[in-house]
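In our numbering, the protein residues as written are 68 to 213.
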């Protein structure tokens, strides 16, 4: 379940753009001059889909994290769903545990099926961007008591 949650956070970070930061000195970044005091956004959504960081970045493949030390705790900059460094999301330990608890509880208590006429391939995974990222079309799944 841990690798599934990592993969979910890689492809669908809760905040597609982390809180704005400000440069503390003049910097040159990929050929651009960035003056001191410039506000910048970290695009976690794009990092999770960057082919320089991930093999086959658009596919859902939790196995990529098996045997990997990459985690969401801010030390691996290719997976920074909750930020990094001293400005990391303060409730990360609680939030991380709650994701595992909630998903584990739902999977333990129910079997799930898609509505009639819907197949996994037909689900639209497009997202709607705003302060948070969410699926453009709601996902409907039917819980069946296990």
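Beta carbons: idealized from backbone N, C-alpha and C, even for Gly.
Counting C-beta pairs with one atom in each stretch, the region 174-183 and the region 202-213 have three or more that are closer than 8 Å, which means they touch. Ranking 130, 145, 136 by CA distance to the CA of residue 119 puts 145 first.
By the 16-neighbour rule on beta-carbons within 10 angstroms, residue 83 is buried.
For residue 77, the enclosing alpha helix (DSSP H) begins and ends at 69-78. A contact is defined here as three or more CB-CB pairs under 8 Å, and the region 98-114 meets this definition with respect to the region 141-159.
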